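Step one of this worksheet: look at the structure below.
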Amino acid sequence: MNGPKKDNTHVVNTYNEWDPLEEIIVGTVEGALIPPWDVIMEASLHGKELWDFYKKHGGTPWPPEMIEAAGKNVDEFVNILEAEGVTVRRPVPCDFTKSYNTPDFEIKSGCYALMPRDVLLVIGDMIIEAPMAWRSRYHEHHAFKDLCKEYFHGGAQWISAPRPQLGSKTYVEGYEAPREGEPMRTILTEFEPLFDAADVIKCGRDVFIARSSCCNGFGIEWLRRQLGTEYRVHEVEVYDTHPMHIDATFYPLAPGKLLINPERVHNAPEIFKKSGWDILTCPTPVMPKSQPMYNCSSWISMNVVMLDEERVIGSKEEHTLINAFKE
């Protein structure tokens with residue numbers, strides 16, 4: 022799983038998750054809204070008890086105390102990155118409060134510009150705007166347009182996947198999430214190509230992607246053809262009743278080291294076994310079950326950032342994972 026030769030003349034140049042990090046886009050909590058309730062929410066939210074919260078408060082600002090706490094966490098993350106010599110870029114604040122419609126759907130509001138990892142997929146010197154499956158995130162890429170233009174002028178390639186229609190044909194009518202033990206299924210049909218950038222993870226010439234409530238087979242095939250013969254696109258088999266993104270499920274940390282979620286990955290891809298990689302099973306998250314998770318699970322503990330092959334940024338409370346890394 023060797024990567025293409027790195028071209029140091031390009032401002033955008035990434036082939037894996039562990040090369041020395043030089044520059045990163047970090048999102049902002051400014052203007053963040055509670056996602057408005059929509060058809061895809063039932064497939065994405067792990068806790069059914071949260072449905073009423075989103076139905077009642079969707080499209081309104083998050084409580085000020087939550088925004089303040091989240092802002093402090095983001096600021097501290099930025100401070101750590103900059104202290105390690107990483108250049109940090111931020112999106113342009115946007116007004117997500119406006120409702121909007123297309124010929125195929127209408128939605129009460131947008132959400133936020135908090136998660137560039139979901140919006141922009143960077144492979145080599147190419148930036149790909151992802152065809153996201155949430156209607157409320159349809160215009161989220163606008164917050165990152167200025168940065169994309171700047172990177173383009175610096176030599177990067179910049180494309181957008183086909184803009185999804187997100188009408189009724191995109192989603193399975195009457196969808197119900199599988200119960201534990203039932204066969205894996207998702208809410209997306211194969212009507213159009215869909216994926217979030219966070220459904221994809223890079224490992225040199227090998228790119229790994231998993232189906233989810235944001236990613237379908239059509240999206241995987243579109244990416245495979247777009248990347249061409251220079252890359253091999255592998256679909257990772259995962260099990261999750263409410264699947265959303267690969268980065269809290271399957272993470273190549275460094276050459277020869279793979280982190281997997283034991284609840285979601287029952288068999289690591291054969292290519293890693295044949296290549297002799299060490300497969301680290303992620304410890305159970307320390308986060309208490311009483312912690313409200315909104316639109317993620319406690320396995321967010323796996324969603325770390327590699328500064329290089331030896332240094333990783335993660336949650337300081339997740340001491341079992343930290344100890345596992347040290348071992």
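For the sequence shown, our numbering gives the first residue as 22, with consecutive numbering after it. Beta carbons: idealized from backbone N, C-alpha and C, even for Gly. Owing to the predicted nature of the structure, the values given are computational and were not obtained by experimental measurement.
I need the straight-line Cα distance from residue i to residue j, nearest angstrom please.
i	j	result
Asn288	Gly68	26 Å
Ser234	Pro114	27 Å
Ile45	Arg110	6 Å
Glu171	Ala177	9 Å
Ser296	Met308	33 Å
Thr108	Phe98	12 Å
Asn237	Thr250	21 Å
Phe346	Glu330	12 Å
Leu280	Glu258	15 Å
Val228	Arg138	16 Å
Trp179	Trp243	16 Å
For the beta strand (DSSP E) holding residue i, just list the boundary residues, first then last.
i	result
Thr108	108-110
Trp179	178-181
Glu150	147-150
Just curious, the alpha helix (DSSP H) that residue i is in, first and last residue?
i	result
Val140	137-140
Glu63	62-65
Trp83	No alpha helix (DSSP H) holds Trp83; DSSP gives it neither H nor E.
Glu38	It is not in any alpha helix (DSSP H) - Glu38 carries neither H nor E in the DSSP assignment.
Glu171	166-174
Lys69	Unbroken run through Lys69: none, as it is neither H nor E.
Counting only the same chain and skipping the five closest in sequence on each side, list residues whose C-beta sits under 7 Å from that of residue i.
i	result
His163	Cys115
Leu342	Cys303, Pro304, Ser322, Gly335
Arg285	Val259, Tyr260, Asp261, Thr270
Leu135	Gly48, Thr49, Val50, Ala53
When you compare each of the options to residue i by their alpha carbons, which one comes out closest?
i	options	result
Gly79	Glu256, Asn316, Leu328, Gly175	Asn316
Glu256	Arg246, Thr35, Pro290	Pro290
Ser157	Arg184, Pro56, Asn94	Pro56
Leu215	Lys190, Val95, Arg226	Lys190
Glu43	Ile61, Val254, Glu161, Val32	Val32
Thr210	Ala218, Ile148, Gly195	Gly195
Unbroken stretches of the alpha helix (DSSP H), 4 residues or longer, contained in the segment 205-268: Listed in chain order, the complete alpha helix (DSSP H) runs (minimum 4 residues) inside the segment 205-268 are 238-248.
Can you give, in chain order, each stretch of the beta strand (DSSP E) that sits fully within the segment 276-341 and has at least 3 residues? Counting only runs of 3 or more, we get 278-281, 299-302.
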